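Encoded as structure tokens, the structure appears first; notes follow it.
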Amino acid sequence: MAVLVVTPEANAVEAGRAGADVRALVKLGPRVAGTKVMDVASTYLIDEYRKAGYVAEVQTFTYPKFEDLGSNLTVGKTTIEGRALNGSPKGQPTAPLVAVPNVGRAADFASVDVKGAIAIVRRGEIRFLEKAQNAAAAGAVGLIIVNTEPGNISGTLGGEVKIPVLALAGERGGPMLERAQSERLNVSLNVNTRISRVTGRNVVAHLQGVTRPSVLLGGHYDSVPGAPGANDNASGTAVVLEIARNLSGTSLARQAWFIAFDGEEDGLHGSRAFVSAAEPQFLSGLKAMLNFDMVGVNDKLGVGGTRSLTTLSKAVDSSISTFQAYGGSDHAPFAKAGVPVLFFYRGQEPNYHTPQDKQVNPRLLDETAQVGLDVVKRLLMSDTDGER
Ligand SMILES: [Zn+2]
């Protein structure tokens, strides 16, 4: 490894700066990948990184995105709003409604005649895909899957299906399933979906001339539609930026890259695009990828990921809890590429993915940034090369 001259410690995190960043991002409204808001949000981040002394640029990437433009079922004069299963083709068949017993195994479909009909079946036991493929194989022209509890399903088919598939909330679909068992109903299914091409924008920042960092810090800045994404994940975005501000001016900044990922909510597209565009030597040179997601709500800070890194975090702050890392955020593509990862997360909270996700506790951001900063210092100042 390179000989490292460590300048005096980076200062303690300045209170409230990260909180101001979260407010600035939240003010823009939901930050949905591929929308104009992301141009504004990425420009904000670039400006802030540049003010802190970094070279900051946008890395674009594209991916297909499934969209439900509004799907429903009409019975007589009543229209019931539903949700297209992710991956469902569009279609507007009008046909008799046939209740399928049990959960829609092939044998269940064999016990009724769904040829030319719209089948309706309850959720559970087997995959959505299996139900849909069984329905299509039995000759149905559409499928309705009814949730077994109140509220709707956000489900994904995850494979090819030839017929439109609609999910209904339990309280709306349940009575419909019952009626179809005793009366002959003629219904119209309207599954209105499309696949669009999204252009995502990662913001990548580092000091001029730094091409082989030892540590990469990141967090996604996109949010789901309708949610201003304060905690998920303006919080992590702001923490990474705040760590960058604090490292700037120290020699440690010459070993770090900072990224605000886009397209996370659609399936980790930004981090996946970054990893697949990176050279193998870039990835193998990383001692750690630190990912921050949902760190502005809940007192308890948790970390997951590579064992040596969770251990190091606990040495920095013994109050940190550890959890089994899971693949639901931007560290996952790095872990898959063999990069040691550390995932900072404060756990689930009620406003997650809702329009109410508009506030965080600025103190928690500052505390997370301080821990992140201390972990980076410990990591870069210790001789842990080869420890994976
Ligand atoms: Zn998130």
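Residue numbers for the sequence shown follow the numbering used here, beginning at -3 and rising by one.
Glycine is no exception: its CB is placed at the ideal position from the N, C-alpha and C atoms.
Because the structure is a prediction, the values reported are computed rather than measured.
Can you tell me whether residue i is helix, strand or coil according to DSSP?
| i | result |
| --- | --- |
| residue 349 | coil |
| residue 145 | coil |
| residue 179 | coil |
| residue 303 | helix |
| residue 232 | helix |
| residue 156 | coil |
| residue -2 | Because residue -2 sits at a pLDDT of 45, beneath the cut-off of 50, its placement in the model cannot be relied upon, and the point is left open. |
| residue 130 | helix |
| residue 257 | strand |
| residue 324 | coil |
| residue 98 | coil |
| residue 33 | helix |
| residue 105 | helix |
| residue 356 | coil |
| residue 188 | coil |
| residue 90 | strand |
| residue 319 | coil |
| residue 165 | coil |
| residue 118 | strand |
| residue 338 | strand |
| residue 138 | strand |
| residue 19 | helix |
| residue 252 | strand |
| residue 26 | coil |
| residue 9 | coil |
| residue 111 | coil |
| residue 245 | coil |
| residue 4 | At residue 4 the pLDDT is 46, less than 50, meaning the model places this residue with poor confidence and gives no usable figure here. |
| residue 123 | coil |
| residue 267 | helix |
| residue 313 | coil |
| residue 362 | helix |
| residue 262 | coil |
| residue 170 | helix |
| residue 333 | coil |
| residue 383 | At residue 383, the pLDDT of 41 sits below 50, so the modelled position is not reliable and the matter cannot be decided from this model. |
| residue 368 | helix |
| residue 399 | Past the edges of the chain, shown from -3 to 384, lies residue 399, and the structure says nothing about it. |
Verify whether the separation of the beta carbon atoms of residue i and residue j is less than 9 Å.
| i | j | result |
| --- | --- | --- |
| residue 243 | residue 234 | no |
| residue 337 | residue 286 | yes |
| residue 172 | residue 229 | no |
| residue 219 | residue 292 | no |
| residue 115 | residue 140 | yes |
| residue 190 | residue 270 | no |
| residue 258 | residue 197 | yes |
| residue 120 | residue 146 | no |
| residue 236 | residue 256 | yes |
| residue 348 | residue 319 | no |
| residue 312 | residue 374 | yes |
| residue 92 | residue 183 | yes |
| residue 240 | residue 282 | no |
| residue 365 | residue 14 | yes |
| residue 60 | residue 192 | yes |
| residue 211 | residue 169 | no |
| residue 352 | residue 346 | yes |
| residue 216 | residue 38 | no |
| residue 315 | residue 371 | no |
| residue 25 | residue 362 | no |
| residue 123 | residue 154 | yes |
| residue 111 | residue 138 | no |
| residue 49 | residue 368 | no |
Establish whether the CB of residue i and some CB of chain C are separated by less than 9 Å.
| i | result |
| --- | --- |
| residue 189 | The displayed structure is made up of one protein chain only, and chain C is not part of it. |
Any contact between the segment 44 to 51 and the segment 167 to 184? By contact I mean 3 or more CB pairs, one from each, below 8 Å. As far as the Cβ criterion goes, the segment 44 to 51 does not touch the segment 167 to 184, which means the pair count is below three.
As an exercise, report each continuous alpha helix (DSSP H) stretch of at least 4 residues that is fully enclosed by the segment 274 to 303, in chain order. Entirely contained in the segment 274 to 303, the alpha helix (DSSP H) runs reaching 4 residues are, in chain order, 276 to 280.
Distance cut 7 Å, beta-carbon to ligand 1 heavy atom: residue list by chain order: Per the Cβ criterion, the list is 216, 228, 229, 260, 261, 289, 290 and 325.
On the three-pair Cβ rule with 8 Å, is the segment 325 to 333 touching the segment 199 to 207? Flag = no, the segment 325 to 333 and the segment 199 to 207 do not touch.
Run through the segment 36 to 86 for me and flag every whole alpha helix (DSSP H) of 4 or more residues, listed as ranges in chain order. List check, alpha helix (DSSP H) in window: nothing returned.
For the segment 193 to 240, which segments carrying the beta strand (DSSP E) assignment without a break, of at least 3 residues, lie completely within its bounds, in sequence order? Given a length threshold of 3 residues, each whole run of the beta strand (DSSP E) inside the segment 193 to 240 is given here in chain order: 211 to 216.
Count the CB pairs spanning the segment 97 to 104 and the segment 78 to 89 that are closer than 8 Å, and state whether there are at least three. No, because fewer than three Cβ pairs between the segment 97 to 104 and the segment 78 to 89 fall closer than 8 Å, the two stretches do not touch.
Inter-stretch contact (C-beta, 8 Å, three-pair minimum) for the segment 181 to 188 and the segment 85 to 92: Yes, since at least three Cβ pairs between the segment 181 to 188 and the segment 85 to 92 fall closer than 8 Å, the two stretches touch.
With a cut-off of 8 Å, do at least 3 Cβ pairs link the segment 125 to 138 to the segment 152 to 169? Cβ pair count under 8 Å is three or more, so yes.
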